[in-house]
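Protein chains in written order, with the working numbering: chain A, 1 to 402; chain B, 403 to 804. The block underneath contains the structure these notes are about, expressed in structure tokens.
Number of protein chains: 2
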Amino acid sequence: MKPEMTRSGLRGDTTDHFHCPQGTHDRNDYFEEYYEDRLGTLHEERGKGVKIVGTFCLFVPDEIIFAAGADRIILCGGRSDTITLAEQSLPRNICPLIKSSFGAVLDACCGGTVSCPHVGLVDVVVAEATCDGKKKMYELLAARVPTYVLDLPQRPDSPDAVAYYLSEIRKFRTFMEDLTGSRIRNEDLEREIASANETRKILHRLFALRKRDPPPVRGSAILRVMQKQFFLSPDQFRTGLRILCDNLEKTLPPTRTGPRIMISGCPMAAGNTKVADLIEQRGAVITVEESCTGTRAFWDLVDENKDPWTALAERYLHIPCACMTPNDERVSRIVDLAKQYRVDGVVYYTLQFCHGYNIERLRVQKALKEEKIPMLAIESDYGDSDTGQIGVRIDAFLEMLS
Amino acid sequence: MKPEMTRSGLRGDTTDHFHCPQGTHDRNDYFEEYYEDRLGTLHEERGKGVKIVGTFCLFVPDEIIFAAGADRIILCGGRSDTITLAEQSLPRNICPLIKSSFGAVLDACCGGTVSCPHVGLVDVVVAEATCDGKKKMYELLAARVPTYVLDLPQRPDSPDAVAYYLSEIRKFRTFMEDLTGSRIRNEDLEREIASANETRKILHRLFALRKRDPPPVRGSAILRVMQKQFFLSPDQFRTGLRILCDNLEKTLPPTRTGPRIMISGCPMAAGNTKVADLIEQRGAVITVEESCTGTRAFWDLVDENKDPWTALAERYLHIPCACMTPNDERVSRIVDLAKQYRVDGVVYYTLQFCHGYNIERLRVQKALKEEKIPMLAIESDYGDSDTGQIGVRIDAFLEMLS
């Protein structure tokens, strides 16, 4: 039984049942009106037996989840308040995103109140073999929530890597079909690919506006928009994006002075905006984010002229995450983005103890140096104790740029 | 051109050209006489054009290297003196093994003197996609030494994982054939598989002796033997092992009292014996090591009744390293080893910032608790600053066991 034909809503795009998200054209939190609506929908879906899938990473193709008639939310934790709970089990010296996410699940399982209210909504977690910390955290998670792990080759350039990932995607298809009781036909998948590509195209439209000088919107506000794509339905998200783009295109933007900055590195999950906020509070303007909460989430489209399964495997396997090796594509993309978005400097952001992005910083630094683009490296967790020190470093960096 | 038919020496096993390594039956460093001999051989081989391959991990099948007529040494760093150099490039908060190894290469490339003298001997590094830190370190290494990276699936239980790893092994075969100019025939590989299995069988014989109560040999001495397998030739190593086993079987061993301990966790590369030494200095006796410098290096044999390439892929892919998920095999093996080697307690050893083994500790701890086997977790680097504190914790643990 397929509860709805177009969960991601490509054919059903409407705006009338949403509040307009643009009270002003210079807000910090554009889509907050959608939140309650979405939460209500998820509860309603659960009541109707629609399966809700929780994911933690861009490497899990949403298209397959939606094509099976399920819904999905991304559960990456960006809040510090669940970390203490997580540290009762996990080592302290691992990345705050992993601890925050795991803590939220622990809390939800114990009927606690500090977790995000989304964890309790999911029927199953679909995880992926990316970094060491997440891979091992998922094993502990599996004791508490049904957890399915998608394997990933780590050398996307290897001759048989796409074939292996494709086999994993096909296995995942069967898992989703068993979960929902709906067979995924090729046309279902093609519809969801078109839907996801549509979202990607609107994001390109939004990001293109930020190339303007001055840009019409703050980066810290766009980060909050990007964070919401992982919770809102594709339909809601696109609706909000279209209105936002229309408004930004039409309205004379406020003047944004200060150095133009790119953030590059680890994702900033919902709740974690510390470094982005600090950069803009200190007088700079962020024009692009090279991260999973930035360009990595939407930059490449899925080829709609191919077998949809192969096209999915090819697109997803080439997400330039630091878990892949060699990750030349990421390095050259950073340089390319720096030029396209005319940045004066790059803030390289690493979640504390994230070895992948932390070590990859060296290659990025070298490539940027060759282009004479200055870079500041910041490694931080979700706490506030380093805010002052990071602020001082950002001040010094911006002073150097101006 | 194949320089020697049996580099690993299965058919040419002789002992006469080695010094007997057993001056006494209770030494700390059994095979040290072989060192100069081996170093001489490596230099000689290089002079003759034999290719020397440097590796960093058990996941790279030695059999293929030897079958191509090349020689190999494992370059994992266990010494602290190259770490300062490495930290000029790498982040400080990554594992000491990675920093030590990278520092040795940096040093060798600059004609330095603090590195191990082995790095300069290798023509090429053959690396593998295991943990985040190593994967990214290899990218930096590639700028200094020719580096080849073997991909690994991370879910060995996935239906197509063996096929993918097999494709990686076949690609590696071509790489080795191109490097040496020798074609690897199936009989070459079969010979090397038989050779490596022979070494594994003698190691089983050695480890079986340690099940005795009291065991005839210190664990800290066996650790040093295990470390040497990664530098000596298979021929030398087997010769030494046979003499050692003969002597331990014949000679009345000194009484070893104190609790019987298993070390489980991260590898202890040559130069790093800190925790093993501390455990035995404090009065315990180590009867088995569940690590890459212990059972993981030799426990499973390659099936000699199968297509040799498939047999290799199956054997190597199932090494229960924490980079694999789920790693149930490791957890159950630890419990099994604890029983077989009649241990009173387990010291779970993690290299600082090794997320994989560190998080996996929780599952191991739970499994051991169910069997009422006490466990002490130690996370350490290569420095001496925590020696006192670790000693106190070991004392407390041993007191609890006795």
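We put the CB at the ideal spot given by N, CA and C, even for glycine.
Rounded straight-line distance, which links the Cα of residue j to that of residue i
i      : j      : result
A:T310 : A:E128 : 18 Å
A:R191 : A:M400 : 49 Å
B:K613 : B:L764 : 27 Å
B:E651 : B:I454 : 36 Å
A:A104 : A:T82  : 6 Å
A:A221 : A:V288 : 12 Å
B:G479 : B:F458 : 9 Å
A:Y148 : B:D797 : 42 Å
A:M226 : B:V677 : 47 Å
A:F66  : A:M324 : 26 Å
B:V737 : B:E773 : 8 Å
A:P21  : B:T752 : Residue placement at A:P21 is flagged as unreliable, the pLDDT there being 41, under the threshold of 50; the coordinate-derived value follows with that caveat. One C-alpha to the other measures close to 50 Å.
B:R602 : B:R698 : 11 Å
A:K171 : A:Y164 : 11 Å
B:Y718 : B:F799 : 35 Å
A:C292 : A:M268 : 8 Å
A:R46  : A:E36  : 15 Å
A:N93  : B:T641 : 43 Å
Proximity winner among the options, relative to residue i (alpha-carbon distances)
i      : options                           : result
A:R342 : A:Q154, A:D213, A:E249 and A:R282 : A:D213
B:D553 : B:F461, B:I775, B:P722 and B:T486 : B:F461
A:I34  : A:S332, A:Q352, A:F237 and A:Y349 : Per the sequence shown, the amino acid found at residue 34 of chain A is Tyr instead of Ile. Comparing Cα-Cα distances from A:Y34 to each of A:S332, A:Q352, A:F237 and A:Y349, the minimum goes to A:F237.
A:I193 : A:I64, A:S101 and A:L376          : A:I64
B:V521 : B:G514, B:A510 and B:I780         : B:A510
A:C354 : A:D300, A:D132 and A:E45          : A:D132
A:D29  : A:G111, A:V145, A:P159 and A:V217 : A:V217
B:L543 : B:P636, B:S491, B:I586 and B:L581 : B:S491
A:L206 : A:F298, A:N186, A:T130 and A:K99  : A:F298
B:S569 : A:R173, A:L166, A:D160 and A:S167 : A:D160
A:L75  : A:N186, A:L121, A:I263 and A:V347 : A:L121
A:S385 : A:E44, A:S80 and A:K136           : A:S80
Under the three-state DSSP convention, the category residue i falls into
i      : result
A:M268 : coil
B:M678 : Looking at the sequence itself, residue 678 of chain B is Ala, so the reference to Met does not match. If DSSP states are grouped into helix, strand and coil, B:A678 belongs with the helices.
B:S687 : Strictly speaking, residue 687 of chain B in this sequence is Val, with Ser absent from that position. Residue state, collapsed to three classes: strand.
B:S782 : strand
A:L362 : helix
B:D559 : coil
A:L301 : coil
A:D71  : strand
B:Y432 : coil
A:I202 : helix
B:T426 : Here the model assigns B:T426 a pLDDT of 43, short of 50, so the residue's position is not dependable, and the following value carries that caveat. Residue state, collapsed to three classes: coil.
B:L753 : strand
B:G514 : coil
A:E87  : coil
CB contact below 9 Å: residue i versus chain B
i      : result
A:D381 : no
A:C323 : yes
A:A194 : no
A:C266 : no
A:M400 : no
A:G48  : Position check: residue 48 of chain A holds Lys in this sequence, whereas Gly was assumed. Judged by the 9 Å Cβ criterion, A:K48 is not in contact with chain B.
A:D393 : Looking at the sequence provided, one finds Arg at residue 393 of chain A rather than Asp. For A:R393, the answer is no, since every Cβ of chain B falls outside 9 Å of its Cβ.
A:K135 : yes
A:D307 : no
A:R363 : yes
A:Q389 : no
Residue-level contact to chain A via CB, residue i, 9 Å cutoff
i      : result
B:V677 : no
B:T417 : Bear in mind that a pLDDT of 35 at B:T417, under 50, signals an unreliable position, so the number given afterwards is only what the model happens to contain. It does not: the Cβ of B:T417 has no partner Cβ on chain A nearer than 9 Å.
B:C533 : yes
B:E541 : yes
B:E762 : yes
B:I496 : yes
B:G456 : no
B:G758 : yes
B:L487 : no
Contact test: residue i Cβ vs the ligand ATP heavy atom, cutoff 8 Å
i      : result
B:R585 : Within the structure as shown, the ligand ATP is missing, as the structure has no ligands at all.
Legend entry - Interfacial residues, the region 319 to 348 of chain A to chain B, with Cβ spacing under 8 Å: A322, C323, T325, P326 and N327
Legend entry - Proximal residues, the region 165 to 184 of chain A versus chain B, C-beta separation under 8 Å: S167, E168 and K171
Legend entry - Contact residues within the region 543 to 568 of chain B, judged by C-beta distance below 8 Å to chain A: A544, V551, D553, L554, P555, Q556, R557, S560, P561, D562, A563, A565 and Y566
Legend entry - Residues, ordered as in the chain, of the region 502 to 516 of chain B that lie near chain A by beta-carbon distance below 9 Å: none
Inset, instruction - With 9 Å as the C-beta to C-beta threshold (strictly closer), list the residues of the region 602 to 620 of chain B near chain A in chain order. - result: none
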